[in-house]
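Working notes, structure below.
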Amino acid sequence: MTDAPPVEESAAHDEHKERLRQEILEALKIVKDPEIPVNVVDLGLVYEVRIDDVGQVSIDMTLTSMGCPVQDLIQTDAELAVMKVEGVTSVSVDFVWSPPWSPQKMTDDGKKQMRMFGFNI
Numbered sequence: 034m035t036d037a038p039p040v041e042e043s044a045a046h047d048e049h050k051e052r053l054r055q056e057i058l059e060a061l062k063i064v065k066d067p068e069i070p071v072n073v074v075d076l077g078l079v080y081e082v083r084i085d086d087v088g089q090v091s092i093d094m095t096l097t098s099m100g101c102p103v104q105d106l107i108q109t110d111a112e113l114a115v116m117k118v119e120g121v122t123s124v125s126v127d128f129v130w131s132p133p134w135s136p137q138k139m140t141d142d143g144k145k146q147m148r149m150f151g152f153n154i
């Protein structure tokens with residue numbers, strides 16, 4: 034006999050986590066770098082979202098440059114946005130620098146928004 038949950042239970046759990054992950058990404062779309070008129074998701078700054086079984090969320094993200102003067106503001110805005118998602122009990126945002134950010138990481142929507150603001154992407 035094994036302690037593994039039934040396949041249906043495991044699939045439902047995975048589905049719930051993926052739904053929660055999508056809600057978190059949607060919530061992060063209100064977070065913007067004040068210097069760039071595009072949200073952090075469409076800019077491609079969010080690298081990974083991990084969610085444990087009790088709703089603790091860990092986010093790995095980067096910035097467009099290591100010396101970004103608004104890193105603390107972006108971190109606070111991201112944490113506040115994610116805490117509004119139902120099912121999230123805590124959130125930590127860690128900045129990572131590898132791989133480095135480049136415009137190729139932007140979503141198609143992000144590139145479109147940048148072009149609307151006059152950037153050549």
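Sequence positions in the sequence shown follow the working numbering and run 34 to 154.
Glycine included, every Cβ here is placed at the ideal spot set by N, Cα and C.
A60 and A114 have their C-alpha atoms roughly 6 Å apart.
Within the same chain, L53, G88 come within 7 Å of G120 by CB-CB distance, once the 5 residues on both sides are set aside. Closest in alpha carbon position to S131, among L106, C101, M94, is M94.
Per DSSP, the beta-bridge partners of N72 are K65.
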